[in-house]
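Engineer: Quick one: this structure, given as structure tokens, is what I'll be asking you about.
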Amino acid sequence: MRQLRAVRVFLPCMVLALGACATPHPGSNSQALADPWEQTNRKIYAFNKGLDKYAALPVTKAYRFAVPTAARHGVSNAFSNIGEPLSFSNAVAQGKVKQAFRTLDRFLINSVLGVGGLADHATDLGRPEEPEDFGQTLAYWGVKSGPYVMLPLIGPSTIRDAAGFAVDVFADPFDYGRNAVVHFSLVDKTAKFAGQVIDLRSRLIDSGAEGLLANSLDEYATVRSAYLQRRQSQIYDGNPPDTDDAPADAPLAPGATPPAKPAPVQP
Numbered sequence: 658m659r660q661l662r663a664v665r666v667f668l669p670c671m672v673l674a675l676g677a678c679a680t681p682h683p684g685s686n687s688q689a690l691a692d693p694w695e696q697t698n699r700k701i702y703a704f705n706k707g708l709d710k711y712a713a714l715p716v717t718k719a720y721r722f723a724v725p726t727a728a729r730h731g732v733s734n735a736f737s738n739i740g741e742p743l744s745f746s747n748a749v750a751q752g753k754v755k756q757a758f759r760t761l762d763r764f765l766i767n768s769v770l771g772v773g774g775l776a777d778h779a780t781d782l783g784r785p786e787e788p789e790d791f792g793q794t795l796a797y798w799g800v801k802s803g804p805y806v807m808l809p810l811i812g813p814s815t816i817r818d819a820a821g822f823a824v825d826v827f828a829d830p831f832d833y834g835r836n837a838v839v840h841f842s843l844v845d846k847t848a849k850f851a852g853q854v855i856d857l858r859s860r861l862i863d864s865g866a867e868g869l870l871a872n873s874l875d876e877y878a879t880v881r882s883a884y885l886q887r888r889q890s891q892i893y894d895g896n897p898p899d900t901d902d903a904p905a906d907a908p909l910a911p912g913a914t915p916p917a918k919p920a921p922v923q924p
């Protein structure tokens, strides 16, 4: 309890301090691209893959067999809906006021009309999901990614995103609101987390990600590249720069076309 109170006090103070001294600019990703801990990360990736093969995947397949597709979509919608308060608070911390209120609209619409979020009516009404997390907030205020890291059980991350994930876990506004009404035991919280893992694994199957990995020459490198590209897209709100963190004299990829030289200025 003391830790939770400390996080509640620390989080707004940190945001205010950042706002007072920093210029909003997404943090550098160069250390993560270099992957200085690759040898250890690959071992953890192998561990996670084995855990997925013998635990997560069999349970997920049983879940997909027992639960109809429409019901699984409802579960995914509900889990997404309970994440909206967290997105709202991080949008506010980034100064994205309009986005924050769009997220609030989305949460209210789906909570009421969507029966607790089981149906996603907000998207149909022009309020698509705009997820934000504290890792994105740190990047917005210029915090660099730090090295890429493969976390046991959780998967790909960076030092910045791992710290952001920890803050999100302990300072989730939805959990505070829920606990004010109904106190959840450790068993209940564990069951919720397990449900989210199974739902995420099921959505990965739907996305065809397994086929991409099966056809890749280096699964680890493919996962790393996909994660870092996705995070850059999220940090830049879907419009990442083409050359983020790339030095001006960086070698071209095989088969790439060199950029056109600017036309000389006519006197």
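In the numbering used here, the protein residues as written are 658 to 924.
All C-beta atoms in this analysis are idealised placements derived from N, C-alpha and C, irrespective of residue type, glycine included.
(1) L690 by DSSP, collapsed to three states: which one?
(2) According to DSSP, what are the bridge partners of T815?
(3) Could you say if the region 871-887 and the region 850-861 meet the contact criterion of at least three C-beta pairs nearer than 8 angstroms?
(4) Taking 8 angstroms as the cut-off, decide whether the C-beta atoms of N734 and G774 are in contact.
(5) What number of angstroms, rounded off, separates the C-alpha of R763 from the C-alpha of A779?
(6) Check for me: the alpha helix (DSSP H) holding V772 runs from which residue to which?
(7) Counting along the chain, where does the alpha helix (DSSP H) carrying N734 start and finish?
(8) Please classify S864 as buried or exposed, where buried requires at least 16 neighbouring CB atoms within 10 angstroms.
(9) Mind checking whether F745 and T726 have CB atoms under 8 angstroms apart?
(10) In three-state terms, what does DSSP make of G799?
(11) Beta-carbon within less than 8 angstroms of F704's beta-carbon, same chain only, minus the 5 sequence neighbours each way: which residues are those?
(12) Does the region 815-830 come close enough to the region 694-708 to have 3 or more Cβ pairs within less than 8 angstroms?
(13) Straight-line CA distance for V880 to G783?
(14) Could you tell me whether the Cβ atoms of V824 and T815 are closer together than 8 angstroms?
(15) How many whole angstroms separate the CB atoms of Q688 and G803, which I take to be in contact at a CB cut-off of 8 angstroms?
(16) Rounded to whole angstroms, what's the CA-CA distance from D777 to E787? Just pull it up for me.
Structural biologist: In brief:
(1) helix
(2) Y805
(3) no
(4) yes
(5) 5 angstroms
(6) Careful: V772 lies outside any alpha helix (DSSP H) and carries neither H nor E.
(7) T726 to I739
(8) exposed
(9) no
(10) coil
(11) P809
(12) no
(13) 32 angstroms
(14) no
(15) 6 angstroms
(16) 13 angstroms
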